[in-house]
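Everything below concerns the one structure shown next.
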Amino acid sequence: KAVGSVDQTVGVNLMEFHGSYKANNLTAILEYGNIAYTDNENADGTSGYYLDLGYNISEIVSCNGRLIPWFRYGNIQKDTDMADIDAHYDVIKFGISYYPIEQITFKLDYGKNTYPDQESENVTLINMGIGYMF
1 KAVGSVDQTV GVNLMEFHGS YKANNLTAIL EYGNIAYTDN ENADGTSGYY
51 LDLGYNISEI VSCNGRLIPW FRYGNIQKDT DMADIDAHYD VIKFGISYYP
101 IEQITFKLDY GKNTYPDQES ENVTLINMGI GYMF
């Protein structure tokens, strides 16, 4: 047996739900995920969800492509078995996505991770990104 190796099997159960609506310039996406472990002394699992709502305003502002301001609310519960209050937080983001063509997007968002139990300081996030075919 190699140094540092572990002789243990951990069972994994992964569940995910994804729903989306894209019509009439409205975009709505709901995602839920849960992972649970058996025979793992470090954690029982993690779960979380988010809801995105956006509206394509490209016709309103006479823009080629799609221009979508959006809002996200999410909730993350890491280590679902632990009393660690830092492992539970809410995510709120506002952003804008620009699709010059269907396969490419440019994104900018601003958000906060807030900890309901206030042991941790809230975290401010600013993200920029480019996506291709996702």
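Numbering-wise (this note's numbering), the sequence shown opens with residue 1 and increments by one.
We put the CB at the ideal spot given by N, CA and C, even for glycine.
Pairing Tyr99 with Arg66 gives a Cβ-Cβ distance under 8 Å. Under the DSSP definition of a beta bridge, Glu16 partners with Gly33.
Sixteen is the threshold: when 16 or more other Cβ atoms of the shown chains lie within 10 Å of the Cβ of Ile68, as they do, the residue is buried.
About 6 Å separates the Cβ atoms of Tyr37 and Val12, confirming a contact at the 8 Å cut-off. DSSP places Pro69 inside the beta strand (DSSP E), whose first and last residues are 66–77.
Counting only residues of its own chain and dropping the five nearest sequence neighbours on each side, Leu26 has a CB closer than 7 Å to the CB of Tyr55.
For Met128, the uninterrupted beta strand (DSSP E) segment begins and ends at 123–132.
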